[in-house]
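Participant:
Numbering (the numbering used here), first residue to last: 670 to 808.
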């Protein structure tokens with residue numbers, strides 16, 4: 670499982686910090702780096718925010734997978750991104766992004782991209798990303 674820390678914080682870490690994890694999972698719920706295009710594989714993501722300010726967070730998380738085809742270009746899945754509402758009193762979140770049929774055969778670098786919007790709908794200051802090691806998609 671690949672891990673990353675939150676990248677954008679405007680407060681001291683003891684007040685608000687976070688960690689983000691992501692991995693590709695095959696239809697049997699096992700981590701993998703090789704998938705078949707039309708099987709039911711997913712990118713499973715979990716993240717946690719900690720600190721004194723967790724209960725004060727308001728807004729929505731936006732989660733997407735950026736797939737960069739070696740020698741080919743970038744796509745984002747799903748479109749629009751998955752949205753989850755902040756949960757007061759809990760800083761733990763999970764999501765599973767279904768990827769069946771989303772990518773053509775090839776070798777990809779995958780990035781889990783997590784951003785936020787405020788309760789007013791503007792871009793938030795929290796976010797992070799995780800680079801998942803290369804993924805081979807077979808027909």
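Cβ atoms here follow ideal geometry from the backbone N, Cα and C, with glycine treated the same way.
1) Once the 5 residues before and after residue 750 are set aside, which same chain residues still bring their CB inside 6 angstroms of it?
2) What does DSSP give as the partner residue(s) for residue 794 in the beta ladder?
3) When burial is assigned at 16 or more other CB atoms within 10 Å of the CB, is residue 739 buried or exposed?
4) What is the DSSP secondary structure of residue 680, reduced to helix, strand or coil?
5) Over the uninterrupted beta strand (DSSP E) stretch that includes residue 723, give me the two end residues.
6) Give the straight-line distance between the Cα atoms of residue 770 and residue 764, rounded to the nearest whole angstrom.
7) Look up residue 689 in the DSSP assignment and say whether it is helix, strand or coil.
8) Who does residue 745 pair with in a DSSP beta bridge?
Facilitator: Put simply:
1) 731, 732, 733
2) Answer is none; residue 794 lacks a bridge partner.
3) exposed
4) coil
5) Counting along the chain, residue 723 falls outside any beta strand (DSSP E), and DSSP gives it neither H nor E.
6) 19 angstroms
7) strand
8) 735
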